[in-house]
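Just so we're aligned, residue -9 is where the sequence shown starts under the working numbering, counting upward by one.
Heads up, the beta-carbon is just placed ideally off N, CA and C, and yes, glycines get one too.
One structure is given below, encoded as C-alpha coordinates.
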Amino acid sequence: MSNRYVIILAAGKGTRMKSRLYKVLHPVAGRAMVDHVLTQIEQIKPDMVETIIGNGADKVRDLLGDRTKYALQSEQLGTGHAVLQAEQDLGNKEGITLVVTGDTPLFTAKTFENLLDFHEKEDAAATILTAHAENPFGYGRIVRNDNGNVEKIVEQKDASRSEREIQEINTGVLVFDNKLLFENLHKVKNENAQGEYYLPDVISLLKEQGEKVSAYQMADLSESLGVNDRVALSQAEKIMRRRINEQHMRDGVTIVDPDNTYIDVDVEIGNDTVIEPNVKIFGKTSIGSECIIGAGSRISDSEIQDNVEIISSTIESAVMHKGSNIGPNSHLRPKAEIGRDVHIGNFCEIKNAKIGDRTKVGHLTYVGDATLGTDINVGCGVVFVNYDGVKKWHSNIGDHSFIGSNSNIIAPVEMSDHSFIAAGSTVTDDIPKHAMAIARSRQTNKEDFWDRLPLSNSEEWK
-9 MSNRYVIILA
1 AGKGTRMKSR
11 LYKVLHPVAG
21 RAMVDHVLTQ
31 IEQIKPDMVE
41 TIIGNGADKV
51 RDLLGDRTKY
61 ALQSEQLGTG
71 HAVLQAEQDL
81 GNKEGITLVV
91 TGDTPLFTAK
101 TFENLLDFHE
111 KEDAAATILT
121 AHAENPFGYG
131 RIVRNDNGNV
141 EKIVEQKDAS
151 RSEREIQEIN
161 TGVLVFDNKL
171 LFENLHKVKN
181 ENAQGEYYLP
191 DVISLLKEQG
201 EKVSAYQMAD
211 LSESLGVNDR
221 VALSQAEKIM
231 RRRINEQHMR
241 DGVTIVDPDN
251 TYIDVDVEIG
261 NDTVIEPNVK
271 IFGKTSIGSE
281 CIIGAGSRIS
291 DSEIQDNVEI
301 ISSTIESAVM
311 HKGSNIGPNS
321 HLRPKAEIGR
331 DVHIGNFCEI
341 KNAKIGDRTK
351 VGHLTYVGDA
361 TLGTDINVGC
371 GVVFVNYDGV
381 KKWHSNIGDH
391 SFIGSNSNII
401 APVEMSDHSF
411 IAAGSTVTDD
421 IPKHAMAIAR
431 SRQTNKEDFW
441 DRLPLSNSEE
451 WK
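In C-alpha coordinates:
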(Lines of atoms letter the chains of each structure in order from A and count residues from 1; the text may use other names and numbers.)
(Lines give C-alpha, C1' and ligand atoms only; values in the text may rest on other atoms or scores of the structure.)
Protein backbone atom coordinates (compact mmCIF):
# COMPACT_ATOMS: atom_id res chain seq x y z
CA MET A 1 0.00 0.00 0.00
CA SER A 2 1.26 3.49 -0.89
CA ASN A 3 1.89 6.22 1.63
CA ARG A 4 -1.35 8.12 2.06
CA TYR A 5 -1.67 11.86 2.62
CA VAL A 6 -4.72 14.06 3.04
CA ILE A 7 -5.26 17.75 2.29
CA ILE A 8 -8.35 19.41 3.79
CA LEU A 9 -9.38 22.64 2.07
CA ALA A 10 -10.70 25.00 4.74
CA ALA A 11 -9.73 28.49 3.58
CA GLY A 12 -12.90 29.62 1.80
CA LYS A 13 -14.56 32.84 2.97
CA GLY A 14 -18.08 31.40 3.02
CA THR A 15 -19.71 34.70 2.06
CA ARG A 16 -23.03 33.01 1.30
CA MET A 17 -23.34 31.98 4.93
CA LYS A 18 -23.65 35.70 5.81
CA SER A 19 -21.98 35.03 9.13
CA ARG A 20 -19.13 36.34 11.25
CA LEU A 21 -18.31 32.71 12.04
CA TYR A 22 -15.75 31.11 9.73
CA LYS A 23 -17.67 28.78 7.41
CA VAL A 24 -16.07 25.44 8.28
CA LEU A 25 -16.61 26.15 11.99
CA HIS A 26 -20.39 26.14 11.70
CA PRO A 27 -21.65 23.16 13.72
CA VAL A 28 -23.59 20.19 12.42
CA ALA A 29 -25.07 18.01 15.17
CA GLY A 30 -22.84 19.62 17.76
CA ARG A 31 -19.53 19.40 15.93
CA ALA A 32 -17.88 21.88 13.55
CA MET A 33 -18.00 20.82 9.90
CA VAL A 34 -14.22 20.67 9.52
CA ASP A 35 -14.01 18.60 12.71
CA HIS A 36 -16.47 16.09 11.22
CA VAL A 37 -14.23 15.79 8.15
CA LEU A 38 -11.02 15.38 10.16
CA THR A 39 -12.63 12.83 12.49
CA GLN A 40 -13.54 10.61 9.53
CA ILE A 41 -10.10 11.12 7.96
CA GLU A 42 -8.41 10.03 11.19
CA GLN A 43 -10.20 6.68 10.98
CA ILE A 44 -8.37 5.80 7.74
CA LYS A 45 -5.02 6.47 9.48
CA PRO A 46 -3.19 8.55 6.84
CA ASP A 47 0.53 9.23 7.08
CA MET A 48 -0.05 12.99 7.18
CA VAL A 49 -2.97 15.43 7.21
CA GLU A 50 -2.54 19.05 6.16
CA THR A 51 -5.33 21.61 6.50
CA ILE A 52 -5.31 24.69 4.28
CA ILE A 53 -6.54 27.65 6.29
CA GLY A 54 -7.29 31.28 5.47
CA ASN A 55 -9.84 33.60 7.04
CA GLY A 56 -10.34 32.68 10.68
CA ALA A 57 -7.16 30.60 10.65
CA ASP A 58 -6.47 30.97 14.36
CA LYS A 59 -9.91 29.68 15.29
CA VAL A 60 -9.45 26.60 13.12
CA ARG A 61 -6.07 25.96 14.75
CA ASP A 62 -7.62 26.36 18.19
CA LEU A 63 -10.31 23.81 17.33
CA LEU A 64 -8.23 21.14 15.61
CA GLY A 65 -5.01 21.59 17.56
CA ASP A 66 -2.14 19.27 16.68
CA ARG A 67 -4.33 16.69 14.96
CA THR A 68 -3.22 18.16 11.61
CA LYS A 69 -0.48 20.25 10.04
CA TYR A 70 -1.45 23.64 8.58
CA ALA A 71 -0.67 25.78 5.55
CA LEU A 72 -1.95 29.33 5.10
CA GLN A 73 -3.67 30.51 1.93
CA SER A 74 -3.51 34.27 2.40
CA GLU A 75 -5.45 34.99 -0.80
CA GLN A 76 -8.36 32.83 -1.91
CA LEU A 77 -7.41 32.23 -5.55
CA GLY A 78 -9.14 28.89 -6.08
CA THR A 79 -8.85 25.27 -5.04
CA GLY A 80 -5.73 24.62 -7.11
CA HIS A 81 -3.95 27.53 -5.48
CA ALA A 82 -5.11 26.27 -2.07
CA VAL A 83 -3.63 22.79 -2.56
CA LEU A 84 -0.39 24.35 -3.78
CA GLN A 85 0.11 25.85 -0.31
CA ALA A 86 0.85 22.33 0.97
CA GLU A 87 3.80 21.91 -1.39
CA GLN A 88 6.42 22.70 1.23
CA ASP A 89 5.32 19.75 3.38
CA LEU A 90 4.14 17.32 0.71
CA GLY A 91 5.63 18.29 -2.66
CA ASN A 92 8.49 15.77 -2.77
CA LYS A 93 6.82 12.82 -1.06
CA GLU A 94 6.08 9.49 -2.73
CA GLY A 95 2.53 8.26 -2.36
CA ILE A 96 -1.05 9.30 -2.99
CA THR A 97 -2.92 12.36 -1.76
CA LEU A 98 -6.62 12.63 -0.97
CA VAL A 99 -8.04 16.15 -1.30
CA VAL A 100 -11.30 16.92 0.54
CA THR A 101 -13.12 20.10 1.49
CA GLY A 102 -13.82 21.17 5.06
CA ASP A 103 -17.45 22.05 4.37
CA THR A 104 -18.59 18.49 3.55
CA PRO A 105 -19.40 17.08 7.00
CA LEU A 106 -21.36 14.04 5.81
CA PHE A 107 -18.57 12.04 4.18
CA THR A 108 -17.72 8.80 5.98
CA ALA A 109 -14.43 7.05 6.56
CA LYS A 110 -15.78 4.06 4.64
CA THR A 111 -16.24 6.15 1.50
CA PHE A 112 -12.72 7.57 1.79
CA GLU A 113 -11.26 4.10 2.34
CA ASN A 114 -13.13 2.65 -0.65
CA LEU A 115 -11.96 5.52 -2.85
CA LEU A 116 -8.29 5.11 -1.90
CA ASP A 117 -8.42 1.34 -2.37
CA PHE A 118 -10.03 1.78 -5.81
CA HIS A 119 -7.39 4.34 -6.82
CA GLU A 120 -4.55 1.99 -5.90
CA LYS A 121 -6.20 -0.94 -7.65
CA GLU A 122 -6.63 1.14 -10.84
CA ASP A 123 -3.01 2.33 -10.64
CA ALA A 124 -4.28 5.72 -11.81
CA ALA A 125 -2.62 9.12 -11.76
CA ALA A 126 -5.86 10.55 -10.41
CA THR A 127 -9.26 9.30 -9.30
CA ILE A 128 -12.38 11.43 -9.01
CA LEU A 129 -15.06 10.64 -6.45
CA THR A 130 -18.31 11.06 -8.37
CA ALA A 131 -22.02 10.64 -7.75
CA HIS A 132 -25.24 10.63 -9.75
CA ALA A 133 -27.44 13.66 -9.10
CA GLU A 134 -30.97 14.15 -10.40
CA ASN A 135 -30.45 17.89 -9.97
CA PRO A 136 -26.75 18.58 -10.61
CA PHE A 137 -26.98 22.37 -10.43
CA GLY A 138 -23.97 23.93 -8.75
CA TYR A 139 -21.70 20.90 -9.09
CA GLY A 140 -18.80 20.33 -11.47
CA ARG A 141 -19.75 17.85 -14.20
CA ILE A 142 -17.79 14.74 -15.18
CA VAL A 143 -17.21 14.83 -18.95
CA ARG A 144 -16.50 11.43 -20.49
CA ASN A 145 -15.50 10.46 -24.03
CA ASP A 146 -17.28 7.98 -26.28
CA ASN A 147 -15.46 5.09 -24.57
CA GLY A 148 -16.71 6.16 -21.16
CA ASN A 149 -13.32 7.33 -19.94
CA VAL A 150 -12.99 10.55 -17.98
CA GLU A 151 -11.94 13.51 -20.11
CA LYS A 152 -12.28 16.44 -17.73
CA ILE A 153 -14.25 18.13 -14.98
CA VAL A 154 -16.08 21.32 -15.93
CA GLU A 155 -17.42 23.72 -13.31
CA GLN A 156 -21.05 24.88 -13.37
CA LYS A 157 -20.15 28.47 -14.28
CA ASP A 158 -17.91 27.38 -17.15
CA ALA A 159 -20.05 24.52 -18.51
CA SER A 160 -21.70 24.62 -21.91
CA ARG A 161 -25.42 23.99 -22.31
CA SER A 162 -24.85 20.31 -23.14
CA GLU A 163 -22.36 19.87 -20.30
CA ARG A 164 -24.88 21.25 -17.83
CA GLU A 165 -27.20 18.37 -18.75
CA ILE A 166 -24.68 15.83 -17.41
CA GLN A 167 -25.84 14.23 -14.15
CA GLU A 168 -22.58 12.66 -13.04
CA ILE A 169 -21.05 15.20 -10.70
CA ASN A 170 -17.73 15.88 -9.08
CA THR A 171 -18.15 15.61 -5.32
CA GLY A 172 -15.04 17.72 -4.78
CA VAL A 173 -13.02 14.78 -3.48
CA LEU A 174 -10.06 13.69 -5.58
CA VAL A 175 -7.06 11.39 -5.20
CA PHE A 176 -3.76 12.03 -6.98
CA ASP A 177 -0.33 10.58 -7.33
CA ASN A 178 1.34 13.07 -5.03
CA LYS A 179 4.31 14.08 -7.19
CA LEU A 180 2.20 14.40 -10.34
CA LEU A 181 -0.24 16.56 -8.41
CA PHE A 182 2.32 19.19 -7.41
CA GLU A 183 4.14 19.08 -10.75
CA ASN A 184 0.91 19.95 -12.55
CA LEU A 185 -0.43 22.49 -10.08
CA HIS A 186 2.23 24.90 -11.36
CA LYS A 187 0.80 24.50 -14.87
CA VAL A 188 -2.79 25.34 -13.96
CA LYS A 189 -4.02 28.64 -15.42
CA ASN A 190 -6.80 30.94 -14.29
CA GLU A 191 -8.46 31.40 -17.67
CA ASN A 192 -12.04 30.98 -16.49
CA ALA A 193 -15.03 33.09 -15.51
CA GLN A 194 -13.81 33.50 -11.93
CA GLY A 195 -10.15 34.08 -12.65
CA GLU A 196 -9.24 31.29 -10.22
CA TYR A 197 -6.90 28.31 -10.28
CA TYR A 198 -9.11 25.22 -10.21
CA LEU A 199 -7.83 21.93 -8.82
CA PRO A 200 -9.95 19.92 -11.32
CA ASP A 201 -7.86 21.43 -14.15
CA VAL A 202 -5.09 19.08 -13.06
CA ILE A 203 -7.30 16.28 -14.39
CA SER A 204 -7.24 17.81 -17.89
CA LEU A 205 -3.47 18.26 -17.73
CA LEU A 206 -2.98 14.63 -16.73
CA LYS A 207 -5.17 13.52 -19.61
CA GLU A 208 -3.10 15.59 -22.04
CA GLN A 209 0.00 13.83 -20.72
CA GLY A 210 -1.55 10.44 -21.39
CA GLU A 211 -1.94 9.60 -17.70
CA LYS A 212 -4.77 7.41 -16.49
CA VAL A 213 -7.67 9.16 -14.78
CA SER A 214 -10.33 7.03 -13.09
CA ALA A 215 -13.66 7.78 -11.44
CA TYR A 216 -15.21 6.02 -8.47
CA GLN A 217 -18.97 6.55 -8.13
CA MET A 218 -20.14 6.57 -4.54
CA ALA A 219 -23.39 4.93 -3.46
CA ASP A 220 -24.90 7.69 -1.31
CA LEU A 221 -25.10 11.11 -2.94
CA SER A 222 -26.13 12.75 0.34
CA GLU A 223 -22.59 12.30 1.70
CA SER A 224 -21.30 14.79 -0.85
CA LEU A 225 -23.49 17.67 0.29
CA GLY A 226 -21.37 20.80 0.42
CA VAL A 227 -22.51 23.47 2.85
CA ASN A 228 -22.36 26.91 1.28
CA ASP A 229 -25.37 28.59 2.88
CA ARG A 230 -27.83 28.20 5.75
CA VAL A 231 -30.21 26.13 3.65
CA ALA A 232 -27.54 23.52 2.98
CA LEU A 233 -26.50 23.70 6.63
CA SER A 234 -30.01 22.73 7.71
CA GLN A 235 -30.03 19.90 5.16
CA ALA A 236 -26.74 18.55 6.48
CA GLU A 237 -28.06 18.82 10.03
CA LYS A 238 -31.16 16.82 9.13
CA ILE A 239 -29.20 14.06 7.41
CA MET A 240 -26.66 13.83 10.22
CA ARG A 241 -29.34 13.65 12.91
CA ARG A 242 -31.15 10.91 11.04
CA ARG A 243 -27.93 8.89 10.95
CA ILE A 244 -27.33 9.48 14.64
CA ASN A 245 -30.86 8.51 15.68
CA GLU A 246 -30.89 5.40 13.51
CA GLN A 247 -27.60 4.23 15.01
CA HIS A 248 -28.92 4.71 18.55
CA MET A 249 -32.05 2.75 17.69
CA ARG A 250 -29.94 -0.08 16.23
CA ASP A 251 -28.00 -0.06 19.50
CA GLY A 252 -31.16 -0.66 21.55
CA VAL A 253 -32.47 2.83 22.31
CA THR A 254 -36.17 3.55 21.77
CA ILE A 255 -36.71 6.89 20.04
CA VAL A 256 -40.45 7.45 19.84
CA ASP A 257 -40.33 10.18 17.19
CA PRO A 258 -36.95 10.26 15.41
CA ASP A 259 -37.95 13.17 13.17
CA ASN A 260 -38.44 15.38 16.22
CA THR A 261 -35.55 14.22 18.37
CA TYR A 262 -32.24 16.09 18.30
CA ILE A 263 -29.15 14.24 19.49
CA ASP A 264 -25.60 15.50 18.98
CA VAL A 265 -22.93 13.29 17.50
CA ASP A 266 -20.90 12.87 20.72
CA VAL A 267 -23.85 11.79 22.89
CA GLU A 268 -23.78 8.27 24.38
CA ILE A 269 -27.01 6.45 25.32
CA GLY A 270 -27.42 3.03 26.95
CA ASN A 271 -29.81 0.36 25.73
CA ASP A 272 -33.45 0.15 26.80
CA THR A 273 -33.58 3.90 27.35
CA VAL A 274 -36.69 5.61 25.95
CA ILE A 275 -36.47 9.03 24.32
CA GLU A 276 -39.85 10.75 23.93
CA PRO A 277 -40.63 13.41 21.26
CA ASN A 278 -39.08 16.89 21.14
CA VAL A 279 -36.08 15.94 23.24
CA LYS A 280 -32.78 17.73 22.64
CA ILE A 281 -29.54 16.16 23.86
CA PHE A 282 -26.40 18.20 23.24
CA GLY A 283 -22.64 18.16 23.73
CA LYS A 284 -20.76 15.39 25.49
CA THR A 285 -23.75 13.96 27.33
CA SER A 286 -23.86 10.35 28.49
CA ILE A 287 -27.14 8.63 29.36
CA GLY A 288 -27.26 5.21 30.97
CA SER A 289 -29.53 2.23 30.41
CA GLU A 290 -33.26 1.97 31.18
CA CYS A 291 -33.78 5.71 31.49
CA ILE A 292 -36.86 7.67 30.45
CA ILE A 293 -36.23 11.07 28.88
CA GLY A 294 -39.62 12.74 28.78
CA ALA A 295 -41.04 14.91 26.04
CA GLY A 296 -39.59 18.39 25.75
CA SER A 297 -36.52 17.73 27.88
CA ARG A 298 -33.22 19.42 27.08
CA ILE A 299 -29.92 17.91 28.26
CA SER A 300 -26.44 19.27 27.57
CA ASP A 301 -22.96 18.15 28.66
CA SER A 302 -24.35 16.04 31.50
CA GLU A 303 -23.99 12.56 32.99
CA ILE A 304 -27.25 10.68 33.42
CA GLN A 305 -26.79 7.27 35.04
CA ASP A 306 -28.98 4.15 34.78
CA ASN A 307 -32.70 4.12 35.63
CA VAL A 308 -33.09 7.90 35.72
CA GLU A 309 -36.37 9.56 34.75
CA ILE A 310 -36.40 13.12 33.40
CA ILE A 311 -39.82 14.64 32.76
CA SER A 312 -39.92 17.81 30.65
CA SER A 313 -36.89 19.36 32.34
CA THR A 314 -33.61 21.10 31.49
CA ILE A 315 -30.31 19.55 32.56
CA GLU A 316 -27.05 21.39 31.84
CA SER A 317 -23.54 20.38 32.94
CA ALA A 318 -24.97 18.29 35.77
CA VAL A 319 -24.88 14.72 37.11
CA MET A 320 -27.86 12.52 38.00
CA HIS A 321 -26.99 9.29 39.76
CA LYS A 322 -28.75 5.97 39.39
CA GLY A 323 -32.46 5.78 40.12
CA SER A 324 -33.09 9.51 40.54
CA ASN A 325 -35.91 11.43 38.91
CA ILE A 326 -36.77 15.03 38.09
CA GLY A 327 -39.68 17.04 36.76
CA PRO A 328 -41.80 18.17 35.24
CA ASN A 329 -40.47 21.64 34.49
CA SER A 330 -37.38 21.67 36.66
CA HIS A 331 -33.86 22.88 35.94
CA LEU A 332 -30.46 21.49 36.87
CA ARG A 333 -27.86 24.16 36.26
CA PRO A 334 -24.08 23.69 36.05
CA LYS A 335 -22.37 21.77 38.88
CA ALA A 336 -25.57 20.24 40.18
CA GLU A 337 -25.05 16.66 41.36
CA ILE A 338 -28.09 14.58 42.21
CA GLY A 339 -27.50 11.42 44.28
CA ARG A 340 -29.02 7.96 43.97
CA ASP A 341 -32.80 7.58 44.26
CA VAL A 342 -33.31 11.32 44.72
CA HIS A 343 -36.65 12.93 43.85
CA ILE A 344 -36.62 16.43 42.36
CA GLY A 345 -40.22 17.47 41.71
CA ASN A 346 -41.77 20.19 39.60
CA PHE A 347 -40.57 23.79 39.25
CA CYS A 348 -37.30 23.28 41.12
CA GLU A 349 -33.93 24.81 40.30
CA ILE A 350 -30.65 23.32 41.48
CA LYS A 351 -27.35 25.14 40.90
CA ASN A 352 -23.83 24.31 42.11
CA ALA A 353 -25.30 21.99 44.71
CA LYS A 354 -24.94 18.38 45.75
CA ILE A 355 -28.07 16.48 46.76
CA GLY A 356 -27.44 13.31 48.79
CA ASP A 357 -29.00 9.90 48.24
CA ARG A 358 -32.74 9.46 48.81
CA THR A 359 -33.32 13.15 49.49
CA LYS A 360 -36.62 14.65 48.30
CA VAL A 361 -36.98 18.17 46.91
CA GLY A 362 -40.64 18.15 46.03
CA HIS A 363 -41.63 21.39 44.34
CA LEU A 364 -41.13 25.13 43.89
CA THR A 365 -37.66 25.14 45.44
CA TYR A 366 -34.35 26.84 44.70
CA VAL A 367 -31.17 25.14 45.93
CA GLY A 368 -28.04 27.10 45.08
CA ASP A 369 -24.51 26.74 46.44
CA ALA A 370 -25.38 24.06 48.97
CA THR A 371 -24.58 20.52 50.02
CA LEU A 372 -27.52 18.41 51.17
CA GLY A 373 -26.92 15.08 52.85
CA THR A 374 -28.92 11.86 52.61
CA ASP A 375 -32.57 11.21 53.45
CA ILE A 376 -33.57 14.87 53.70
CA ASN A 377 -37.06 16.22 53.06
CA VAL A 378 -37.21 19.71 51.55
CA GLY A 379 -40.69 21.21 51.64
CA CYS A 380 -42.49 23.32 49.06
CA GLY A 381 -41.22 26.82 48.38
CA VAL A 382 -37.86 26.55 50.13
CA VAL A 383 -35.23 29.05 48.99
CA PHE A 384 -31.51 28.86 49.65
CA VAL A 385 -30.58 32.55 49.75
CA ASN A 386 -26.99 32.33 48.58
CA TYR A 387 -26.08 35.82 47.30
CA ASP A 388 -25.51 38.92 49.41
CA GLY A 389 -25.04 41.28 46.48
CA VAL A 390 -21.30 40.76 46.35
CA LYS A 391 -20.49 37.12 47.07
CA LYS A 392 -22.11 33.69 46.82
CA TRP A 393 -22.24 31.77 50.14
CA HIS A 394 -22.51 28.04 50.76
CA SER A 395 -24.81 26.15 53.14
CA ASN A 396 -24.58 22.56 54.42
CA ILE A 397 -27.60 20.47 55.40
CA GLY A 398 -27.00 17.32 57.47
CA ASP A 399 -28.40 13.83 56.93
CA HIS A 400 -31.98 12.97 57.91
CA SER A 401 -32.97 16.62 58.25
CA PHE A 402 -36.34 18.25 57.56
CA ILE A 403 -36.89 21.68 56.01
CA GLY A 404 -40.45 22.92 56.30
CA SER A 405 -42.32 24.62 53.49
CA ASN A 406 -41.80 28.27 52.64
CA SER A 407 -38.51 28.51 54.51
CA ASN A 408 -35.57 30.75 53.61
CA ILE A 409 -32.03 29.69 54.43
CA ILE A 410 -29.79 32.76 54.49
CA ALA A 411 -26.35 31.39 53.65
CA PRO A 412 -23.99 30.49 55.10
CA VAL A 413 -25.89 28.10 57.38
CA GLU A 414 -24.75 24.79 58.90
CA MET A 415 -27.69 22.50 59.63
CA SER A 416 -26.62 19.42 61.59
CA ASP A 417 -27.87 15.84 61.17
CA HIS A 418 -31.39 15.03 62.36
CA SER A 419 -32.40 18.67 62.69
CA PHE A 420 -35.54 20.54 61.67
CA ILE A 421 -36.64 23.88 60.28
CA ALA A 422 -40.24 24.83 60.98
CA ALA A 423 -42.36 25.92 58.04
CA GLY A 424 -42.24 29.61 57.22
CA SER A 425 -38.91 30.23 58.91
CA THR A 426 -36.14 32.54 57.75
CA VAL A 427 -33.00 30.91 59.11
CA THR A 428 -29.81 32.90 59.58
CA ASP A 429 -27.94 30.88 62.22
CA ASP A 430 -26.56 27.35 62.46
CA ILE A 431 -28.83 24.60 63.78
CA PRO A 432 -27.42 21.97 66.18
CA LYS A 433 -28.11 18.25 65.97
CA HIS A 434 -31.64 17.12 66.91
CA ALA A 435 -32.81 20.76 67.25
CA MET A 436 -35.72 22.49 65.53
CA ALA A 437 -35.32 26.08 64.35
CA ILE A 438 -38.38 28.33 64.39
CA ALA A 439 -37.66 31.74 62.89
CA ARG A 440 -40.93 33.48 62.13
CA SER A 441 -43.11 36.24 63.59
CA ARG A 442 -45.58 35.23 66.30
CA GLN A 443 -49.19 35.29 65.09
CA THR A 444 -51.48 37.93 66.60
CA ASN A 445 -55.29 37.79 66.09
CA LYS A 446 -57.10 41.17 66.16
CA GLU A 447 -60.61 40.50 67.53
CA ASP A 448 -63.62 42.13 65.79
CA PHE A 449 -61.40 43.62 63.10
CA TRP A 450 -64.02 43.06 60.43
CA ASP A 451 -66.62 45.04 62.28
CA ARG A 452 -64.35 48.10 62.41
CA LEU A 453 -63.94 48.28 58.64
CA PRO A 454 -65.74 51.33 57.09
CA LEU A 455 -67.50 49.22 54.49
CA SER A 456 -68.22 46.21 56.67
CA ASN A 457 -71.98 46.79 56.56
CA SER A 458 -72.26 47.51 52.82
CA GLU A 459 -74.03 45.03 50.56
CA GLU A 460 -70.93 44.82 48.39
CA TRP A 461 -68.84 43.35 51.22
CA LYS A 462 -71.41 40.98 52.65
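Terminal residues of the alpha helix (DSSP H) in which residue i lies
i: HIS541; result: Only positions -9 to 452 of the chain appear in the structure, and residue 541 is not among them; the question remains open.
i: MET23; result: 23 to 33
i: ILE193; result: 191 to 198
i: ALA209; result: Unbroken run through ALA209: none, as it is neither H nor E.
Three-way DSSP call (helix, strand, coil) for residue i in this model
i: ASN386; result: strand
i: ILE156; result: coil
i: ASN182; result: coil
i: HIS16; result: coil
i: ALA47; result: helix
i: GLU110; result: helix
i: GLU124; result: coil
i: ARG(-6); result: strand
i: THR58; result: coil
i: SER214; result: helix
i: LYS142; result: strand
i: LEU105; result: helix
i: LEU322; result: strand
i: LEU(-1); result: strand
i: LYS147; result: helix
Residue range of the beta strand (DSSP E) that includes residue i
i: HIS333; result: 333 to 336
i: ALA360; result: 356 to 362
i: GLY352; result: 350 to 353
i: GLY130; result: 130 to 134
i: THR477; result: Residue 477 lies beyond the residue range present for the chain, which begins at -9 and ends at 452; the question has no answer from this structure.
i: VAL73; result: Run containing VAL73: none in the beta strand (DSSP E); it sits in the alpha helix (DSSP H), 69 to 74.
i: GLU306; result: 304 to 306
i: GLU339; result: 339 to 345
Beta-carbon separation (whole angstroms), residue i vs residue j, contact threshold 8 Å
i: ASN218; j: ARG6; result: 5 Å
i: VAL140; j: GLU153; result: The Cβ separation is near 14 Å, so there is no contact.
i: ILE118; j: LEU67; result: With 8 Å as the limit, ILE118 and LEU67 do not qualify as a contact, their Cβ atoms being about 22 Å apart.
i: ASP256; j: ARG432; result: ASP256 to ARG432, Cβ: 57 Å. No contact.
i: ASN469; j: SER307; result: Not covered by the structure: residue 469. The range shown for the chain is -9 to 452.
i: GLU103; j: ILE34; result: 5 Å
i: THR275; j: SER290; result: 6 Å
i: SER391; j: PRO402; result: No, SER391 and PRO402 are not in contact; Cβ-Cβ is about 16 Å, not under 8 Å.
i: ILE393; j: ASN367; result: 7 Å
i: LEU96; j: MET230; result: 7 Å
i: THR120; j: ILE86; result: Incorrect: roughly 18 Å between the Cβ atoms, too far for contact.
i: GLY358; j: PHE374; result: 5 Å
i: LEU223; j: HIS16; result: 6 Å
i: ASN297; j: ASN268; result: The pair is not a contact, with the Cβ atoms about 22 Å apart (cut-off 8 Å).
i: GLY317; j: ILE340; result: About 12 Å; that fails the 8 Å criterion.
i: LEU175; j: VAL73; result: 6 Å
i: ALA123; j: LEU211; result: 6 Å
i: LYS270; j: GLN295; result: With 8 Å as the limit, LYS270 and GLN295 do not qualify as a contact, their Cβ atoms being about 20 Å apart.
i: GLN78; j: HIS71; result: At roughly 14 Å, the Cβ-Cβ gap does not stay under 8 Å, so GLN78 and HIS71 are not in contact.
Per DSSP, the bridge partner or partners of residue i
i: LYS438; result: First, the residue type needs correcting, since residue 438 is Asp and not Lys in the sequence shown. The partner list for ASP438 (beta bridge, DSSP) is empty, contrary to what the question assumes.
i: ASP167; result: ILE86
i: SER204; result: THR117
i: ASN315; result: GLU299 and HIS333
i: GLU327; result: VAL309 and LYS344
i: GLU293; result: SER276 and VAL309
i: GLU65; result: Note: GLU65 sits in no beta bridge, so no partner.
i: ILE366; result: Answer is none; ILE366 lacks a bridge partner.
i: THR41; result: ILE(-2) and TYR60
Within the region 222 to 289, ranges of the beta strand (DSSP E) (whole runs, at least 3 residues): 270 to 272
Whole runs of the beta strand (DSSP E) within the region 368 to 436, excluding any shorter than 3 residues: 373 to 375, 385 to 387 and 398 to 400
Complete runs of the beta strand (DSSP E) confined to the region 76 to 103 [at least 3 residues]: 86 to 91
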